[in-house]
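Data block below; observations after.
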Amino acid sequence: MRILVTGGAGFIGSNFVHRTLSTRPDTQVVVLDAMTYAANPENLAGLDPQRCRLVEGDVCDVELVDELMAEADLVVHFAAESHNDNSLHNPLAFTRSNVEGTVVLINAATRHDVRFHHISTDEVFGDLALDDPARFTPDTPYNPSSPYSASKAASDHFVRAFVRSHGLRATISNCSNNYGPRQHPEKFIPRQILNLLAGEEPRVYGTGENVRDWIHVDDHNDAVWTIIEKGEIGQTYLIGADGEHDNLAVVAELNRVFGREPGAFLHVTDRPGHDRRYAIDASSTLALGWEPRHRDFRAGLRETVEWYRGNPGWWERAREATESAYRRREVQLPK
Ligand code: NAD
Ligand code: TDX
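For the sequence shown, the positions run 1 to 335 when full-length UniProt numbering is used.
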């Protein structure tokens with residue numbers, strides 16, 4: 001099977017490529033990645049060049065996408081601008097890559113009749129109140145809060161419209177917050193791990209009561225394969241692992257891993273429009289026979305800390321650039 005993986009040099013996409021090549025001997029992968037600041041060439045280092053080829057290019061490049069689509073049996077579309085904070089400052093990068101890029105891809109997938117899996121996020125549903133017992137389901141109305149979430153919501157709508165109007169053979173998955181190796185230092189968990197490794201304080205936005213539903217990246221990617229193999233064309237599947245924790249609890253746990261007081265961190269400027277809580281009801285994907293394997297979040301966090309400790313060459317440059325931008329914007333709040 002020839003698989004076109006967009007965004008395969010980023011966090012989730014590169015974990016998908018590694019896992020696919022090691023567990024599915026009958027696969028060959030072409031990664032299409034623009035190698036933005038979020039990509040790291042080392043993410044694909046050491047892979048068999050007979051089975052994995054990196055094409056540095058943009059998903060908005062109509063000719064290139066058409067050429068690659070003609071040689072693919074399956075597309076798994078991870079490529080996106082993925083950081084909420086950036087979308088507040090530079091929304092047009094998000095409409096371009098996330099909306100226009102998706103439309104370029106599904107146009108070509110329709111033309112070549114290629115099976116398409118669209119990677120989306122739980123943020124398209126907006127947020128839940130902290131005391132609301134509800135969780136997101138495939139029927140939850142779309143209600144995105146940030147320019148990032150709005151761009152992902154728009155891309156989902158285009159995929160659904162192409163299924164209905166053009167018979168595109170597509171499925172969509174909306175997953176909760178991922179953690180694990182090779183996540184960019186701009187994101188919450190790596191950022192706090194790298195602060196702690198540098199002997200600095202973790203930085204929590206606002207009150208820190210915001211809840212995220214954490215899932216290990218390998219569990220996400222296994223669910224994606226289950227949906228590709230067993231999902232119904234045109235359907236949306238929600239992926240999550242019952243991993244709800246507020247940001248204060250995550251920082252407390254990381255502090256414990258480093259032998260520090262759980263409550264030792266700085267409160268900094270809150271994110272404008274900060275979503276309060278995400279929570280996934282994963283019944284739609286569980287019904288296909290998938291189940292998460294990384295059920296112990298604390299153990300997963302400890303392994304992730306060890307990965308960052310053991311790979312300073314992977315993150316040092318990205319951390320420096322990211323952290324200096326953050327610190328220019330952030331103000332420390334009183335506790
Ligand atoms: P990431 O930022 O680590 O990686 C994104 C990759 O896409 C990068 O390698 C980047 O170079 C590439 N890319 C960006 N714009 C491109 C373009 N125009 N053309 C080609 N390549 C381009 O992101 P991630 O965290 O790995 O997220 C991957 C996907 O999963 C995204 O679609 C995101 O919305 C979705 N998602 C992420 C999470 C999460 O917790 N990180 C959760 C649910 C869904
Ligand atoms: O320094 C920080 N301090 C902090 O308190 C950072 C970077 C974040 N936060 C908070 C904001 C959120 O409540 O941590 C939580 C997680 O933040 P992010 O890592 O930026 O993730 P989030 O905004 O929840 O979005 C993530 O999950 C859904 C991914 O980045 C998206 O790509 C995915 O779609």
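All C-beta atoms in this analysis are idealised placements derived from N, C-alpha and C, irrespective of residue type, glycine included.
Predicted model only: the values in this text are computed from it and were never measured.
- For residue 222, the closest C-alpha among the options 8, 6 and 12 is that of 12.
- In the displayed model, residue 244 falls within a strand according to three-state DSSP.
- Secondary structure at residue 196: helix, using DSSP grouped into helix, strand and coil.
- In the three-state scheme derived from DSSP, where H, G and I count as helix and E and B as strand, residue 331 is classed as coil.
- Residue 74 and residue 99 do not touch by the CB rule: their CB atoms are close to 22 Å apart, not below 8 Å.
- The three-state secondary structure of residue 161, taken from DSSP, is helix.
- When rounded, the separation of the alpha-carbon atoms in residue 173 and residue 239 is 7 Å.
- With respect to residue 305, residue 248 sits apart: the two C-beta atoms are not nearer than 8 Å.
- Taking 7 Å as the cut-off, the C-beta of residue 75 does not count as close to any heavy atom of the ligand TDX.
- For residue 120, the uninterrupted beta strand (DSSP E) segment begins and ends at 115-121.
- At least one heavy atom of the ligand NAD falls within 7 Å of the beta-carbon of residue 60.
- For residue 10, the closest of 53, 4 and 79 by C-alpha to C-alpha distance is 79.
- By the Cβ rule, the region 266-276 counts as touching the region 322-331, because three or more pairs are nearer than 8 Å.
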